[in-house]
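A.B. asks: Numbering (my numbering), first residue to last: 15 to 237.
All C-beta atoms in this analysis are idealised placements derived from N, C-alpha and C, irrespective of residue type, glycine included.
Below you'll find the structure I mean.
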Ligand SMILES: *Cc1c(COP(=O)(O)O)cnc(C)c1O
């Protein structure tokens, strides 16, 4: 038996249990973060029905997607972006880039997309927990910056927001950071935002409770 069948099943059940309690109509998309496993594990997870995978380094994204090019996978980029890797990322045609950390980065990406006459789906990362080690825009500037990106970056399809929950044992703090992100997401829905990417292995049930519709799960799936 495929070793990941049970873990995927378990995780989907846990998501469904929360989802049906808080929002019957919400569809939740699972991105399996494969950064700490190799392509054999991705392939096994694909055989269980998982299609979307996330990588946080452009080099690894390229290596894995090259090896698995025959499979109809959907690759997401979730890592910190370096300016000198933007062209490479564009060429990999990610389904979604989760981690645009501000207006400057958006404009850099837009410039390179324009040269290549391409578009890319992008999320604005919000540092809702206000932690120095985390990338992203401050919550109180997020709506402004979101709108500036929409206006000044025609080659970026801005799809919504991404955030990493507070790094804490205190559930109330994590909840607060998720609620902050979700409130921003909600007020951006009129501007076409449709994705609220938040929730990782340690806090995904809470994220669903707070309105996440995209989860990025690594260790809980590939253990
Ligand atoms: C690694 C990573 C994840 C997945 O983390 P787990 O705790 O393994 O689920 C999600 N999002 C980002 C941005 C990551 O870097």
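Ligand 1 and residue 47: does the residue's C-beta get closer than 8 Å to at least one heavy atom of that ligand?
C.D. replies: Here residue 47 refers to the residue found at position 33 when the chain shown is read from its first residue. Yes - ligand 1 has a heavy atom lying nearer than 8 Å to the Cβ of residue 47.
A.B. asks: Could you please give me the residues that DSSP links to residue 90 through a beta bridge?
C.D. replies: Residue numbering aside, residue 90 sits at position 76 when the chain shown is read from its first letter. In the DSSP assignment, the residues bridged to residue 90 are 68 and 110.
A.B. asks: Who are the Cβ neighbours of residue 198 in its own chain at under 7 Å, not counting the five residues just before and after it?
C.D. replies: Start at 1 with the first residue of the chain shown, and residue 198 comes out as number 184. For residue 198, where only same-chain residues beyond five positions count, the Cβ hits under 7 Å are 140, 153, 156, 157 and 175.
A.B. asks: Around the Cβ of residue 36, are there at least 16 other Cβ atoms within 10 angstroms (buried) or fewer (exposed)?
C.D. replies: Indexing the chain shown from 1 puts residue 36 at position 22. By the neighbour-count rule (16 or more Cβ atoms within 10 Å), residue 36 is not buried but exposed.
A.B. asks: Which one of 70, 138, 96 and 215 has the shortest CA to CA distance from residue 237?
C.D. replies: Reading the chain shown from its first residue, position 223 is the one you call residue 237. Of the candidates 70, 138, 96 and 215, the one whose C-alpha sits nearest the C-alpha of residue 237 is 215.
A.B. asks: Determine the DSSP secondary structure at residue 102, reduced to helix, strand or coil.
C.D. replies: If you number the chain shown from 1, residue 102 lands on position 88. Residue 102: helix per DSSP, three-state reduction.
A.B. asks: Please find out if some non-hydrogen atom of ligand 1 comes closer than 8 Å to the beta-carbon of residue 178.
C.D. replies: Start at 1 with the first residue of the chain shown, and residue 178 comes out as number 164. True, at least one ligand heavy atom lies under 8 Å from that Cβ.
A.B. asks: Buried or exposed for residue 194, going by 16 or more other Cβ atoms inside 10 Å?
C.D. replies: Position 180 of the chain shown, counting from 1, holds the residue named residue 194. With 16 or more Cβ atoms within 10 Å of its Cβ, residue 194 is classed as buried.
A.B. asks: Anyone know if the C-beta pair for residue 227 and residue 166 falls short of 9 Å?
C.D. replies: Position 213 of the chain shown, counted from the start, is the residue given in the question as residue 227. Position 152 of the chain shown, counted from the start, is the residue given in the question as residue 166. The answer is no: Cβ separation not under 9 Å.
A.B. asks: If you compare alpha carbons, which of 146, 68 and 129 is closest to residue 108?
C.D. replies: The count along the chain shown starts at 1 and reaches residue 108 at position 94. Ranking the options by Cα distance to residue 108, first place goes to 68.
A.B. asks: Could you pull out every residue in the same chain whose Cβ sits closer than 8 Å to the Cβ of residue 65, ignoring the five residues on either side in sequence?
C.D. replies: Residue mapping note: residue 65 aligns to position 51 of the chain shown, counting from 1. So the list reads 86, 87 and 88, once near-sequence residues are dropped.
A.B. asks: One question on the structure: do residue 32 and residue 46 come within less than 9 Å of each other, judged by their Cβ atoms?
C.D. replies: Indexing the chain shown from 1 puts residue 32 at position 18. Indexing the chain shown from 1 puts residue 46 at position 32. Taking 9 Å as the Cβ cut-off, residue 32 and residue 46 do not qualify as a contacting pair.
A.B. asks: Spatial neighbours of residue 21 within its chain, please: CB distance less than 8 Å, with the 5 preceding and 5 following residues excluded, ordered by chain position.
C.D. replies: In the chain shown, residue 21 corresponds to position 7, counting from 1. Excluding positions up to five away in sequence, the list reads 234, 235, 236 and 237.
A.B. asks: Return the chain-ordered list of same chain residues with a C-beta closer than 7 Å to the C-beta of residue 119, the five sequence neighbours on each side being excluded.
C.D. replies: Your numbering for residue 119 matches position 105 in the chain shown. The residues are 95.
A.B. asks: Considering residue 47, what are the terminal residues of the beta strand (DSSP E) in which it resides?
C.D. replies: Here the question's residue 47 lines up with position 33 in the chain shown. Note, residue 47: beta strand (DSSP E), 43 to 47.
A.B. asks: Can you tell which of 128, 130, 161 and 52 has its C-alpha closest to the C-alpha of residue 82?
C.D. replies: If you number the chain shown from 1, residue 82 lands on position 68. Residue 82 has its Cα closest to that of 52, out of 128, 130, 161 and 52.
A.B. asks: Is it buried or exposed for residue 180, if we count other Cβ within 10 angstroms and need 16 for buried?
C.D. replies: The residue you call residue 180 lines up with position 166 of the chain shown. It is buried - the Cβ of residue 180 has at least 16 other Cβ atoms within 10 Å.
A.B. asks: With a 10 Å radius around its C-beta and 16 neighbouring C-beta atoms as the bar for buried, classify residue 90 as buried or exposed.
C.D. replies: In the chain shown, residue 90 corresponds to position 76, counting from 1. Label assigned to residue 90: buried.
A.B. asks: List the endpoints of the continuous beta strand (DSSP E) containing residue 230.
C.D. replies: Taking the first residue of the chain shown as 1, we reach residue 230 at position 216. 228 to 231 is the extent of the beta strand (DSSP E) around residue 230.
A.B. asks: Taking 8 Å as the cut-off, does the CB of residue 159 come closer than this to any heavy atom belonging to ligand 1?
C.D. replies: Taking the first residue of the chain shown as 1, we reach residue 159 at position 145. Residue 159 has its Cβ no nearer than 8 Å to any heavy atom of ligand 1.
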